[in-house]
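**Student:** The listed protein sequences correspond, in order, to chains A, B, E and F. FYI, this note's numbering numbers position 180 of the first sequence as 180, with every residue one higher than the one before it. FYI, this note's numbering numbers position 188 of the second sequence as 394, with every residue one higher than the one before it. FYI, this note's numbering numbers position 91 of the third sequence as 503, with every residue one higher than the one before it. FYI, this note's numbering numbers position 45 of the fourth sequence as 663, with every residue one higher than the one before it.
Number of protein chains: 4
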Amino acid sequence: MKTTEEESMADKALKTRRTSIGAQRNPQSQEAILQAAEEILVEGGLGSFSIEAVARRARAGKPTIYRWWPSKTMLLLDVYHRQKYVDIAPDTGTIEGDIFNVLYGLLEFWRTERAGAVFRSVIAEAQTDPEACRALAAYMVDRYRQGSEMFQRAKDRGEAADWIDPEQAMELIASFAWHRLLTDRLDIPEDELRRAARQFANSVKA
Amino acid sequence: MKTTEEESMADKALKTRRTSIGAQRNPQSQEAILQAAEEILVEGGLGSFSIEAVARRARAGKPTIYRWWPSKTMLLLDVYHRQKYVDIAPDTGTIEGDIFNVLYGLLEFWRTERAGAVFRSVIAEAQTDPEACRALAAYMVDRYRQGSEMFQRAKDRGEAADWIDPEQAMELIASFAWHRLLTDRLDIPEDELRRAARQFANSVKA
Amino acid sequence: MKTTEEESMADKALKTRRTSIGAQRNPQSQEAILQAAEEILVEGGLGSFSIEAVARRARAGKPTIYRWWPSKTMLLLDVYHRQKYVDIAPDTGTIEGDIFNVLYGLLEFWRTERAGAVFRSVIAEAQTDPEACRALAAYMVDRYRQGSEMFQRAKDRGEAADWIDPEQAMELIASFAWHRLLTDRLDIPEDELRRAARQFANSVKA
Amino acid sequence: MKTTEEESMADKALKTRRTSIGAQRNPQSQEAILQAAEEILVEGGLGSFSIEAVARRARAGKPTIYRWWPSKTMLLLDVYHRQKYVDIAPDTGTIEGDIFNVLYGLLEFWRTERAGAVFRSVIAEAQTDPEACRALAAYMVDRYRQGSEMFQRAKDRGEAADWIDPEQAMELIASFAWHRLLTDRLDIPEDELRRAARQFANSVKA
DNA sequence: AGATAAGCGAGACGGTACGTCACGTCTTCAC
DNA sequence: GTGAAGACGTGACGTACCGTCTCGCTTATCT
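1) Counting pairs of Cβ atoms below 8 Å between the region 138 to 158 of chain A and the region 92 to 101 of chain A, do you hit three or more?
2) Using alpha carbons as the reference points, say which of B:Asp390, B:Leu312, B:Leu392 and B:Ala375 lies closest to arginine 198 (chain A).
3) Using a Cβ-Cβ cut-off of less than 7 Å, give me the residues of the region 333 to 360 of chain B that come near chain A, in sequence order.
4) Where does arginine 546 (chain E) land, buried or exposed, given buried means 16+ other C-beta within 10 angstroms?
5) Reducing DSSP to helix, strand and coil, say where alanine 472 (chain E) ends up.
6) Nearest chain E C-beta to tryptophan 687 (chain F) closer than 7 Å, yes or no?
7) Below 8 Å on C-beta distance, what does alanine 36 (chain A) contact in chain B?
8) On the DSSP bridge assignment, give the partners of alanine 366 (chain B) in chain order.
9) Is it buried or exposed, lysine 278 (chain B), if we count other Cβ atoms within 10 angstroms and call 16 or more buried?
10) Do you know offhand how far tyrosine 104 (chain A)'s Cα is from glycine 679 (chain F)'s?
11) Less than 7 Å between C-beta atoms, sequence neighbours within five positions excluded: which residues of the same chain meet that for alanine 383 (chain B)?
12) Determine whether the Cβ of leucine 799 (chain F) lies closer than 7 Å to any Cβ atom of chain E.
13) Need the endpoints of the alpha helix (DSSP H) that isoleucine 301 (chain B) sits in, please.
14) Could you check the C-alpha separation between alanine 367 (chain B) and lysine 411 (chain B) for me, to the nearest Å?
15) Would a check of beta-carbon distances place glutamate 378 (chain B) closer than 7 Å to chain A?
16) Using the Cα positions of isoleucine 452 (chain E) and tyrosine 80 (chain A), report the straight-line distance between them to the nearest angstrom.
17) Cβ of alanine 412 (chain B) less than 7 Å from any chain A Cβ?
18) Along chain E, in chain order, which residues have C-beta atoms closer than 7 Å to that of glutamate 810 (chain F)?
19) Quick one: grab the DSSP three-state call for arginine 400 (chain B).
20) Which two residues bound the contiguous alpha helix (DSSP H) that contains tyrosine 492 (chain E)?
21) Check for me: the alpha helix (DSSP H) holding phenylalanine 737 (chain F) runs from which residue to which?
22) Specify, as a first and last residue, the run of the alpha helix (DSSP H) that glutamine 241 (chain B) falls within.
23) Distance, Cα to Cα, serine 766 (chain F) vs arginine 813 (chain F)?
24) Which one of B:Val324, B:Glu337, B:Ala407 and B:Arg326 has the shortest CA to CA distance from arginine 359 (chain B)?
25) At which residues does the alpha helix (DSSP H) containing isoleucine 379 (chain B) begin and terminate?
26) Measure the beta-carbon distance from alanine 338 (chain B) to leucine 283 (chain B) and round it to whole angstroms, keeping in mind my assumption that it falls under 8 Å.
27) From arginine 592 (chain E) to leucine 598 (chain E), what distance separates their C-alpha atoms?
28) With arginine 437 (chain E) and tryptophan 480 (chain E) assumed to form a contact (beta carbons below 8 Å), what rounded beta-carbon distance in angstroms separates them?
29) State yes or no: is the C-beta of alanine 735 (chain F) within less than 7 Å of the C-beta of valine 660 (chain F)?
30) Reducing DSSP to helix, strand and coil, say where leucine 754 (chain F) ends up.
31) Show which residues of chain A have a CB atom less than 7 Å away from the CB atom of alanine 330 (chain B).
32) Does isoleucine 477 (chain E) come out as helix, strand or coil in the three-state DSSP assignment?
33) Please compile the residues from chain F whose C-beta is within a distance smaller than 8 Å of the C-beta of glycine 457 (chain E).
34) Identify whether arginine 359 (chain B) lies in helix, strand or coil by the three-state DSSP scheme.
35) With burial defined as no fewer than 16 other Cβ atoms inside 10 Å of the residue's Cβ, what is the status of tyrosine 291 (chain B): buried or exposed?
Next comes the structure, spelled out in structure tokens:
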């Protein structure tokens, strides 16, 4: 949730007339463009996402967008990176609890429409643009590293087997979430989700 | 692998001038269109896949394409469905062996360039087109059912726990493969693949 | 002056919705584009003449314009060629009378705003575009040939000297008209015009 | 021809880094801008003449140009006015000789590439910009006054008729030169040029 | 001597037009 | 009625300039 100040700042960026502030990037324009891009993505999906549409909505000139983002893909990635996901990997004491929490949190985050639509677009774009694909892959590897801590803890506790690779284990979990996102089936009944968590916990058992 | 007759038929479809064969669908045209679509997809990816390009390559009129495929998405799905994957779910005696074989076969199938490029495109398209998304989801559910047999066998053998849902277990495995396809990381070292198979096998253990 | 039928045809071209009439040029679109181009030229001059503006006014697509006119210049020339000037080179019996009539007719034709504005634009364009310059020069040479008849008649009558080149003589007269057009001084007092005609007549005297 | 000092000054204006010299116009900047403008005009014609290009070439800021020249047109006129034409109206004793010399000198001056390209641009610009048109017309009237002296001399000698208006006579000659410039036909064979001069001389005969 | 005021380069800004590409629809004509 | 062909209106692409703006600086002129 955004604070009041942030919202008014963003609104100002969109609603007041902007102009150059000298030979330097105008942060209000950047804000307006990113905000407009996100809104379009959320409202109409990747299909209605075009530089023209973003420029129109942000009341910005197309060259201003192209000046700072070399391609549609890069703008997309920037929009995605603004979607700050508070990555909680809470220590519940058991690996199954941790996994359930992570899965539940991620799916819930995507279900709040904004984030899900944006991320789906990024993945789709990566299937067209090799650079986006590399960026996405690199980003994911980084995310696995973050998420893998819970498996490391489990190994330290002796709950997970020695031969388990924490990052790969994390990847399997993320893969499941991706798959549900991409087939538009984020609304998972709790028992299914629990069973998945249990299975993943089982999979690393010593 | 295609037979010689099929190839010459396809070649004929592409190279000779075609015209109406009366008030009925001309199968040569359909063949030429699908073949051209597949080639474009494989050579240039989804980015260079356009109705216009397909029509050009197939020496077909655009209306001919629109007459038989209501949208780009549907043409894409048709191309995908032609990619007959010989779904082997061989009974190796152990669930881990079965899983490894399925994973290895799928990734190998996609690595043979043609199939992978096409399927990636289908998934990307599904992120834009809700109808494609539904079709894809339905197709996947069907595939899980096929693939789940090995888990059923494992349950029958007592190798897998009672609480395991064979289809969901299959989904987890497919998810992993999808994820690697979508991040262009199909070249998995054998030890990683073995570890993944072992983990998946572990996950269903009683 | 256009006939009523022509006007209603042109109006129809502009006002009714047009579409393709098969794999052939749609004359209504062509008409609408040329008409719109002329109107823009007359109303706002070369400065406001842009392909976008023409397309907008003609309710045509830009590609339709580019399909048939490779450049702004060519569209301009086409507009000019539609401005059919009834080239009267009346035989008044004296060369001075002929010259006066030709000069008066030409300036009057240009003063009727439409033709003058279009021709000024063509000349200006020719200063930028070498191809337009060539086309214009060729067109002018042709016009001199037409206009030179009166000098030939004068030579036959013994009114003009043998050493006179009829076409070059015609060029001098056209040059004067051009000059007045280009400096926006078409409103020439009759005595000045008479003096010019007298001078030109003098210039060819035996 | 420029003196050595002027050239080095101009070079300095272009090559050394310039900055403000206090609350006053920096003549080096003005020089650099005008020089750059002329060069661009000569090298690429009016088509490649843009404020942006001039600023780039002169290493000047756009606002510096706009501060001193309200429009592209005015900059163009300034460039033209720097093209000092040594207006020779030599007294050869006969009006035909005078006319030939003036015509030959003017065409030769324009043929030396620099002047011709610039003047063509001014005329073209005047077809778009009414202010430029007025300025050009005023300038031309002034030039006729200068050039008309030879006709006045001819009248004084009794070589030209009383009813001749020297300035208008001069205009006819300039018109011919303009016409050749604008249709890119400055390379006139000497016999044609002689005939033209003879005709113009004839035209004012008593 | 220090403040002030304007000129300077730089370059970002919101725009308009460029010329190209693909969209999905339409009509014609040969079979 | 099916097929190739290709024109149509639409709209996005990425680029070039437009004319305006604010910046940080430099330097002459005025307290």
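Note that CB positions come from ideal geometry on N, CA and C, so glycine has one too.
**Tutor:** The structure says:
1) yes
2) Taking the first sequence and counting its residues from 1, the one referred to as residue 198 (chain A) is at position 198. Residue B:Ala375 is the option with its Cα nearest to arginine 198 (chain A).
3) Gln333, Thr334, Cys339, Leu342, Ala343 and Met346
4) Sequence index remark: in the third sequence, residue 546 (chain E) carries index 134 (1-based). Arginine 546 (chain E) is exposed by the Cβ-count criterion.
5) One-based indexing of the third sequence puts residue 472 (chain E) at position 60. Coil at alanine 472 (chain E), not helix or strand.
6) Looking up residue 687 (chain F) in the fourth sequence gives position 69. False, the Cβ-Cβ gap to chain E never drops below 7 Å.
7) As a position in the first sequence, residue 36 (chain A) is number 36, starting the count at 1. None at all; the shortest Cβ gap to chain B is about 19 Å.
8) The residue labelled residue 366 (chain B) in the question sits at position 160 within the second sequence. According to DSSP, which records beta bridges pairwise, alanine 366 (chain B) is partnered with B:Lys411.
9) Reading the second sequence from its first residue, position 72 is the one you call residue 278 (chain B). Classification for lysine 278 (chain B): buried.
10) As a first step, residue 104 (chain A) is located in the first sequence; it is residue number 104 there, counting from the start. As a first step, residue 679 (chain F) is located in the fourth sequence; it is residue number 61 there, counting from the start. So the alpha carbons of these two residues sit roughly 57 Å apart.
11) Taking the first residue of the second sequence as position 1, residue 383 (chain B) is located at position 177. Here the set comprises Leu309, Leu312 and Leu313.
12) Taking the fourth sequence and counting its residues from 1, one reaches residue 799 (chain F) at position 181. Contact with chain E is absent for leucine 799 (chain F), since none of that chain's Cβ atoms lies less than 7 Å from the residue's Cβ.
13) As a first step, residue 301 (chain B) must be located in the second sequence, where it is residue number 95. Element bounds for isoleucine 301 (chain B): 301 to 317.
14) Residue numbering aside, residue 367 (chain B) sits at position 161 when the second sequence is read from its first letter. Residue numbering aside, residue 411 (chain B) sits at position 205 when the second sequence is read from its first letter. Approximately 6 Å between the Cα atoms of the pair.
15) Here the question's residue 378 (chain B) lines up with position 172 in the second sequence. A small fix is needed here, since residue 378 (chain B) is leucine in this sequence, not glutamate. Yes, its Cβ sits closer than 7 Å to a Cβ of chain A.
16) Along the third sequence, one-based indexing puts residue 452 (chain E) at 40. Along the first sequence, one-based indexing puts residue 80 (chain A) at 80. One C-alpha to the other measures close to 46 Å.
17) Residue mapping note: residue 412 (chain B) aligns to position 206 of the second sequence, counting from 1. Cβ-Cβ to chain A under 7 Å: no for alanine 412 (chain B).
18) Here the question's residue 810 (chain F) lines up with position 192 in the fourth sequence. The contacting residues are Gln580.
19) Numbered from 1 along the second sequence, position 194 holds the residue referred to as residue 400 (chain B). Helix.
20) Here the question's residue 492 (chain E) lines up with position 80 in the third sequence. 484 to 494 is the span of the alpha helix (DSSP H), which, as asked, contains tyrosine 492 (chain E).
21) Translated into the one-based positions of the fourth sequence, residue 737 (chain F) becomes position 119. Residues 732 to 744.
22) Position 35 of the second sequence, counting from 1, holds the residue named residue 241 (chain B). That run of the alpha helix (DSSP H) goes 233 to 250.
23) As a working note, residue 766 (chain F) is residue 148 in the fourth sequence. As a working note, residue 813 (chain F) is residue 195 in the fourth sequence. Distance between the alpha carbons of serine 766 (chain F) and arginine 813 (chain F): 20 Å.
24) Translated into positions along the second sequence, residue 359 (chain B) becomes position 153. Considering only alpha carbons, the answer is B:Ala407.
25) One-based indexing of the second sequence puts residue 379 (chain B) at position 173. From DSSP, the alpha helix (DSSP H) with isoleucine 379 (chain B) extends over 372 to 388.
26) Within the second sequence, numbered from 1, the residue matching residue 338 (chain B) stands at position 132. Within the second sequence, numbered from 1, the residue matching residue 283 (chain B) stands at position 77. About 7 Å separates the two Cβ atoms, so the contact holds.
27) As a first step, residue 592 (chain E) is located in the third sequence; it is residue number 180 there, counting from the start. As a first step, residue 598 (chain E) is located in the third sequence; it is residue number 186 there, counting from the start. Rounded to whole angstroms, arginine 592 (chain E) to leucine 598 (chain E) spans 5 Å at the Cα level.
28) Here residue 437 (chain E) corresponds to residue number 25 of the third sequence, with the count starting at 1. Here residue 480 (chain E) corresponds to residue number 68 of the third sequence, with the count starting at 1. Confirmed, about 7 Å.
29) One-based indexing of the fourth sequence puts residue 735 (chain F) at position 117. One-based indexing of the fourth sequence puts residue 660 (chain F) at position 42. It is a contact, given that the beta carbons lie within the stated cut-off.
30) Position 136 of the fourth sequence, counted from the start, is the residue given in the question as residue 754 (chain F). Reduced to three states, the DSSP call for leucine 754 (chain F) is helix.
31) Numbered from its first residue, the second sequence carries residue 330 (chain B) at position 124. Per Cβ cutoff of 7 Å: Ala124, Gln127 and Thr128.
32) In the third sequence, counting from the first residue as 1, residue 477 (chain E) sits at position 65. Helix.
33) For the purposes of this step, residue 457 (chain E) is taken as the residue at position 45 of the third sequence. Neighbours of glycine 457 (chain E) on chain F, chain order: Gln745 and Thr746.
34) Taking the second sequence and counting its residues from 1, one reaches residue 359 (chain B) at position 153. Helix, per DSSP.
35) For the purposes of this step, residue 291 (chain B) is identified with residue 85 of the second sequence, where counting begins at 1. By the neighbour-count rule (16 or more Cβ atoms within 10 Å), tyrosine 291 (chain B) is not buried but exposed.
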